[in-house]
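Remarks on the structure that follows.
2 protein chains.
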Amino acid sequence: MADSWVNSAESLGADLHLELTGPGSRRAVLMRALRDAVRSGRLAPGTRLPPYRSLAADLGIARNTVADAYAELVAEGWLTARQGSGTRVAQQVAPIAPAPRRRTPARAHRPVYDLVQGKPDPSVFPRAAWLASARRALSAAPHEAFGPGDPRGRVELREALAGYLARVRGVRTTPERIVLCSGAAHALRLMAAVAGGRWAVESYGLPFHRGLLAGEGVATRPIGVDEHGALVEELAGEDVVLLTPAHQFPTGGPLRPERRAAVVDWARSSGALVLEDDYDGEFRYDRQPVGAVQSLDPDRVVLMGSVSKSLSPTLRIGWMVLPERLADDVVEAKGEREQWSSATEQLTLADFIVSGAYDRHVRKMRQRYRRRRDQLVSVLAERAPQVRVTGIAAGLHAVLELPPGTERAVVKAAAWQGLAVEGLADYRHPGLPANERDGLVANGRDGLVANGRDSLAAHARDGLVVGYATPPEHAYAAALDTLCRALPLD
Amino acid sequence: MADSWVNSAESLGADLHLELTGPGSRRAVLMRALRDAVRSGRLAPGTRLPPYRSLAADLGIARNTVADAYAELVAEGWLTARQGSGTRVAQQVAPIAPAPRRRTPARAHRPVYDLVQGKPDPSVFPRAAWLASARRALSAAPHEAFGPGDPRGRVELREALAGYLARVRGVRTTPERIVLCSGAAHALRLMAAVAGGRWAVESYGLPFHRGLLAGEGVATRPIGVDEHGALVEELAGEDVVLLTPAHQFPTGGPLRPERRAAVVDWARSSGALVLEDDYDGEFRYDRQPVGAVQSLDPDRVVLMGSVSKSLSPTLRIGWMVLPERLADDVVEAKGEREQWSSATEQLTLADFIVSGAYDRHVRKMRQRYRRRRDQLVSVLAERAPQVRVTGIAAGLHAVLELPPGTERAVVKAAAWQGLAVEGLADYRHPGLPANERDGLVANGRDGLVANGRDSLAAHARDGLVVGYATPPEHAYAAALDTLCRALPLD
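Protein sequence lines correspond, in order, to chains V and U. This note's numbering puts the first residue of the first sequence at 1415, with every later residue one more than the last. This note's numbering puts the first residue of the second sequence at 1415, with every later residue one more than the last.
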């Protein structure tokens, strides 16, 4: 059965041809068809699927479409991928429900309230201050700023960032070791190009990042997380570990000091890299920000950050702080000239930082988001005291723990009341946090056993990820009210 | 000999390991080492090289680095690549000189004058008008403009472009069929993802584009060009042809009307796509602009353009005008959210177009570049009457024909006098414009015989590509003077 993909693929191809003429995006149609084939038993557990290039050629569709569909179905647990043995139908498919693909809930019309994490309130973009910076930056820019750009990015911004990140995040670097990019996704693509191989990731994280890495040919193995961040002792022979040390995403714990030291030791002794996703490092409410792990060893840790959370995802400006030996490789992977970020925006951001406007904006937003968090906590304490709220010391979201088995129902209930919000399941890695390098990829909650450890992954807790930054000010109270009405009563 | 790559690769790996510890970028070191191995005969003609993934793993370096090095060496003629038979050492390496890799000449220090094509004069960026548009755009933008962006790009800019391109380039489209991107390189990557397979390209073109396509797994076969553009009758079973119909790049001819009709007929009858690179369509001097081929059949032609020539390469804004059936695939390949172009820049450009500032700027630049072209032609007529100048009816560059065999010496002489300028050889495709689909890839000028046809490719003429847009106004006369001193006297 295991290697019958040629026959399966042929019948698959014929079926899919029919379905692909139907409505909907090709990726969505292909995913639906593959799920149906697995559900119906037409593709048995363990069956090897054709390489995505072959299937794409058979179907006459883009290779990326098939690769993305495979990656999504791996993330959803329908398929498994192991280096060297291809993509196969998972052994146990039945227990897992496919993660919702779109960020909008199942309800047909657009939600009224949005508590999906990941987006700062777009109504507070500092338009006047940004324009003032643009005016100063464009007036002061040398002529060459309007010619082809250095792929490292504008030196004015790299200098501003080196100073800012040292002051605010404790980062140790120089402008020469900073490479600008268009955001975290771009940074991950570049790192996959220069440091491909085996990566470890946290067992909870952005499915978008996992899918992107799979598309770049990087296999990810999950390590567990608990309330003190990632279980770095589960790291084995990986080349890279992708971590969110300041504020584990999305479960919320900051990486405990001894684990920060341990992961750097691991990287030093094994020659590996730590990739530190510092996505919301500026937003910490109840005590001083935790410094970047990068400061412990600038030669072993790559820090990536952006203005997507602090200012706006619309600007498409991010940065990588690199070990000296990697900076040239990343620039090479990026290309001979700047092909991505606008230099005029880079210059504007440089002025925005140097003039102090960025600090003022972050301070203002920190106060605003802290108020929102406090409001969330107090509304829940009053109306849903049975719900525990975690991960609230920092960031733009919190996690609401739910009774086992209720998460999907709560997300659905919220959607029916016009509230978009996501469950923890959307963020869970479909793989086991096993301590073997070649650990099996499990499917479903029951498989997630972290060696008897009492980790979040082991529990595979039910929970909601509540982004409190997105709603406009006037709609926030009503959004929280709707959230409370969707929560279970006990 | 032909399949001895395993042994070769092993010795290669050992040698390369040593060299890769030396100074310089890894790609450059790898390319140098491979050239040396070919030159010394250690890698014999026809020898198959290891797949780039294997070599990258052996050497412990990024796959992209090896893939890029292979692609560059194919472009330089040291290696050949054929789908299905891998990358091999070329049969005739001796006669060809490696194309200069860097845009700077061999001289150690920075050139004083720059006549390398491809860059508009950076000193004429319309800073005040751009800032005025930014102010209007940011004031008028809805809040959602500062949230995560639609991967199609801002509708305001797509609407502005649909109108502008219809008026100026005769393009027939709707905003829904326009997808914004960060420039031509991004557009090519997206097209490679959704329409991979066999591509035909013009036998003269940007080596950067060829290298990029090779990196995306797209094999390109060259078709000849003459003074009336590409010899489209040489198209065979390709899936896509990449053309520069308005102004063949870099040789300069506009595609003759009957060839415009023929290539669209070919695409219709074979189900193929025409990819129209409209890189400088606005700059035509002696008569009305030639409309876009896209207008002949919007379902068969993809038009790609950008502001890189008309305004500045620094803004990173380009567009694709797509057949309806491809628009969704391209958006899927681009990603779920806008990851690349800044929405604030897109909104600013939309205002810049709608307010008429873009037309005014293009008109002003057209006058300026026409004056520069006239000055080039008259200086040459006076001081180097033996040199024929072609491709001058449009664009930001001209081609100076040189006596056979003199091109490299002239480029070198120019470099020694502090003038950066490129020869036609930098743009020549290393492949034969043969009429067989699986045409051999030849190496060197003598191999370029286009079936007895009297095409530019057949002649493999010597020439200089002179970009007259780049120097600042005050330095232009001196740059032309230096150019004349580097030219042969008869």
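Just so you know, even glycine gets a beta-carbon here, dropped at the ideal spot from N, CA and C. For clarity, every value in this text was computed on a predicted model and none was experimentally measured.
Which residues does DSSP pair with valine 1569 of chain U in a beta bridge? The residue given as residue 1569 of chain U occupies position 155 in the second sequence. None; valine 1569 of chain U has no bridge partner.
The stretch 1879-1891 of chain V: positions lying closer than 9 Å to chain U by Cβ: Result list: Thr1884 and Pro1886.
Contact set between threonine 1896 of chain U and chain V, taken where Cβ atoms lie within less than 8 Å: For this step, residue 1896 of chain U is matched to residue 482 along the second sequence. Residues of chain V whose Cβ lies closer than 8 Å to the Cβ of threonine 1896 of chain U do not exist, since the nearest Cβ in that chain is about 20 Å away.
Boundaries (first-last residue) of the beta strand (DSSP E) holding threonine 1501 of chain U: Indexing the second sequence from 1 puts residue 1501 of chain U at position 87. 1500-1503 is the extent of the beta strand (DSSP E) around threonine 1501 of chain U.
DSSP state of tyrosine 1404 of chain V, grouped into three classes? Shown here, chain V extends from 1415 to 1904; a query on residue 1404 of chain V therefore has no answer.
Do valine 1503 of chain U and proline 1534 of chain U have their beta-carbon atoms positioned less than 7 Å apart in this structure? Working through the second sequence from its first residue, we reach residue 1534 of chain U at position 120. Working through the second sequence from its first residue, we reach residue 1503 of chain U at position 89. No, the Cβ-Cβ distance between proline 1534 of chain U and valine 1503 of chain U is not below 7 Å.
Using a Cβ-Cβ cut-off of 7 Å (strictly less than) and excluding sequence neighbours within five positions of aspartate 1528 of chain V, which residues of its own chain qualify? Mapped onto the first sequence, residue 1528 of chain V falls at position 114. Answer for aspartate 1528 of chain V: Ala1834, Thr1884 and Pro1885, listed in chain order.
Leaving out five residues on either side along the sequence, give the residues of the same chain with a beta carbon under 8 Å from the beta carbon of leucine 1487 of chain U. Locating residue 1487 of chain U in the second sequence gives position 73, counting from the first residue. Excluding residues within five positions, the ones whose Cβ falls inside 8 Å are Met1445, Leu1448, Arg1449 and Leu1493.
Where does the unbroken alpha helix (DSSP H) through threonine 1758 of chain U begin, and where does it stop? Translated into the one-based positions of the second sequence, residue 1758 of chain U becomes position 344. Per DSSP, threonine 1758 of chain U belongs to the alpha helix (DSSP H) from 1757-1768.
Against valine 1721 of chain V, what residues of chain U qualify as contacts under a CB-to-CB distance less than 7 Å, listed in chain order? One-based indexing of the first sequence puts residue 1721 of chain V at position 307. Here the premise fails: no neighbours, minimum Cβ distance about 11 Å.
Report yes if the C-beta distance between alanine 1607 of chain U and alanine 1485 of chain U is below 7 Å; otherwise report no. Taking the second sequence and counting its residues from 1, one reaches residue 1607 of chain U at position 193. Taking the second sequence and counting its residues from 1, one reaches residue 1485 of chain U at position 71. Not a contact, by the Cβ cut-off of 7 Å.
Indicate whether alanine 1559 of chain V and alanine 1827 of chain V have their beta-carbon atoms separated by less than 7 Å. The residue labelled residue 1559 of chain V in the question sits at position 145 within the first sequence. The residue labelled residue 1827 of chain V in the question sits at position 413 within the first sequence. No, these two residues do not count as a Cβ contact at 7 Å.
Straight-line CA distance for tyrosine 1890 of chain U to tryptophan 1754 of chain V? Counting from 1 along the second sequence, the entry for residue 1890 of chain U is found at position 476. Counting from 1 along the first sequence, the entry for residue 1754 of chain V is found at position 340. C-alpha separation (whole angstroms): 30 Å.
Which residues share a DSSP beta bridge with arginine 1787 of chain U? Mapped onto the second sequence, residue 1787 of chain U falls at position 373. Secondary-structure assignment with DSSP links arginine 1787 of chain U through no beta bridge to anything.
Would you please state the rounded distance, in angstroms, between the beta carbons of leucine 1649 of chain V and isoleucine 1637 of chain V? I believe it to be under 8 Å. Here residue 1649 of chain V refers to the residue found at position 235 of the first sequence. Here residue 1637 of chain V refers to the residue found at position 223 of the first sequence. Right, the Cβ-Cβ distance comes to about 6 Å (below 8 Å), so this counts as a contact.
Classify aspartate 1788 of chain U as buried or exposed, calling it buried when 16 or more other Cβ atoms lie within 10 Å of its own Cβ. Here residue 1788 of chain U corresponds to residue number 374 of the second sequence, with the count starting at 1. With fewer than 16 other CB atoms across the displayed protein chains lying within 10 angstroms of its CB, aspartate 1788 of chain U is exposed.
Give me the subset of the stretch 1744-1770 of chain V whose CB atoms are less than 8 Å from a CB atom of chain U, sorted by chain position. Taking 8 Å as the Cβ-Cβ cut-off against chain U, the residues of the stretch 1744-1770 of chain V that qualify are Glu1746, Ala1747, Gly1749, Glu1750, Arg1751, Glu1752, Gln1753, Trp1754, Ser1755, Ser1756, Ala1757, Thr1758 and Glu1759.
Please state whether the Cβ-Cβ distance between histidine 1974 of chain V and glycine 1732 of chain V is less than 7 Å. Here chain V comprises residues numbered 1415 to 1904, so residue 1974 of chain V is not present and cannot be evaluated.
Under 7 Å between C-beta atoms of threonine 1665 of chain U and glycine 1805 of chain U: Locating residue 1665 of chain U in the second sequence gives position 251, where the first residue counts as 1. Locating residue 1805 of chain U in the second sequence gives position 391, where the first residue counts as 1. Taking a C-beta distance under 7 Å as the contact criterion, threonine 1665 of chain U and glycine 1805 of chain U qualify as a contact pair.
Cutoff 7 Å: alanine 1485 of chain U Cβ touching any chain V Cβ: As a first step, residue 1485 of chain U is located in the second sequence; it is residue number 71 there, counting from the start. Output row for alanine 1485 of chain U: interface = no.
On the three-state DSSP scale, how would you describe aspartate 1743 of chain U? Against the second sequence, residue 1743 of chain U aligns to sequence position 329. If DSSP states are grouped into helix, strand and coil, aspartate 1743 of chain U belongs with the helices.
What does the alpha-carbon distance come out to for the pair arginine 1797 of chain V and cysteine 1898 of chain V? Residue 1797 of chain V sits at position 383 when you count from the first residue of the first sequence. Residue 1898 of chain V sits at position 484 when you count from the first residue of the first sequence. Pairing arginine 1797 of chain V with cysteine 1898 of chain V, the inter-Cα distance amounts to about 7 Å.
With DSSP as the reference, label histidine 1642 of chain U as helix, strand or coil. Position 228 of the second sequence, counted from the start, is the residue given in the question as residue 1642 of chain U. In the three-state reduction of the DSSP assignment, histidine 1642 of chain U falls in the coil class.
Look up proline 1636 of chain U in the DSSP assignment and give the residues it is bridged to. Here residue 1636 of chain U refers to the residue found at position 222 when the second sequence is read from its first residue. According to DSSP, proline 1636 of chain U bridges with U/Val1615.
May I have the straight-line CA-CA distance separating leucine 1604 of chain V from glutamate 1590 of chain V, to the nearest angstrom? As a working mapping, residue 1604 of chain V is identified with position 190 in the first sequence. As a working mapping, residue 1590 of chain V is identified with position 176 in the first sequence. CA-CA distance, leucine 1604 of chain V to glutamate 1590 of chain V, rounds to 17 Å.
Count the C-beta pairs between the stretch 1765-1779 of chain U and the stretch 1541-1555 of chain U that are closer than 8 Å, then say yes if the count reaches three, no if not. Using a C-beta cut-off of 8 Å, the stretch 1765-1779 of chain U makes contact with the stretch 1541-1555 of chain U, since at least three inter-stretch Cβ pairs fall below that distance.
Simplified DSSP state of leucine 1493 of chain U, which is helix, strand or coil: Reading the second sequence from its first residue, position 79 is the one you call residue 1493 of chain U. In the three-state reduction of the DSSP assignment, leucine 1493 of chain U falls in the strand class.
Opening and closing residue of the beta strand (DSSP E) in which tryptophan 1733 of chain V lies: Indexing the first sequence from 1 puts residue 1733 of chain V at position 319. Run containing tryptophan 1733 of chain V: 1732-1735, per the beta strand (DSSP E) assignment.
Buried versus exposed, by CB contacts within 10 Å (16 or more), serine 1553 of chain U: As a first step, residue 1553 of chain U must be located in the second sequence, where it is residue number 139. Exposed, since its Cβ has fewer than 16 Cβ neighbours within 10 Å.
Mapping the DSSP letters down to three states, classify leucine 1811 of chain V as helix, strand or coil. As a working mapping, residue 1811 of chain V is identified with position 397 in the first sequence. For the sequence presented, residue 1811 of chain V should be read as histidine rather than leucine. Strand, per DSSP.
Just reading off the alpha helix (DSSP H) that threonine 1629 of chain U is part of, what are its end residues? The count along the second sequence starts at 1 and reaches residue 1629 of chain U at position 215. It is glycine, not threonine, that sits at residue 1629 of chain U in the sequence shown. Boundaries of the alpha helix (DSSP H) around glycine 1629 of chain U: 1621-1629.
Straight-line gap, leucine 1602 of chain U to leucine 1469 of chain U (C-alpha atoms, nearest Å): Stepping through the second sequence from its first residue, residue 1602 of chain U is reached at position 188. Stepping through the second sequence from its first residue, residue 1469 of chain U is reached at position 55. Approximately 27 Å, taken between the alpha carbons.
Pairwise C-alpha distance: arginine 1786 of chain V and arginine 1698 of chain U: Position 284 of the second sequence holds residue 1698 of chain U. Position 372 of the first sequence holds residue 1786 of chain V. A direct Cα-Cα distance of roughly 57 Å separates arginine 1698 of chain U from arginine 1786 of chain V.
Strictly by DSSP, which residues pair up with cysteine 1595 of chain U? Counting from one through the second sequence, the residue named residue 1595 of chain U turns up at place 181. For cysteine 1595 of chain U, the beta-bridge partners assigned by DSSP are U/Gly1732.
Assuming contact is defined by CB atoms lying nearer than 7 Å, are tryptophan 1613 of chain U and glutamate 1652 of chain U in contact in what I supplied? Within the second sequence, residue 1613 of chain U is the residue found at index 199, counting from 1. Within the second sequence, residue 1652 of chain U is the residue found at index 238, counting from 1. Yes, Cβ-Cβ distance for tryptophan 1613 of chain U and glutamate 1652 of chain U is below 7 Å.
DSSP-derived helix/strand/coil call for valine 1908 of chain U: Residue 1908 of chain U lies beyond the residue range present for chain U, which begins at 1415 and ends at 1904; the question has no answer from this structure.
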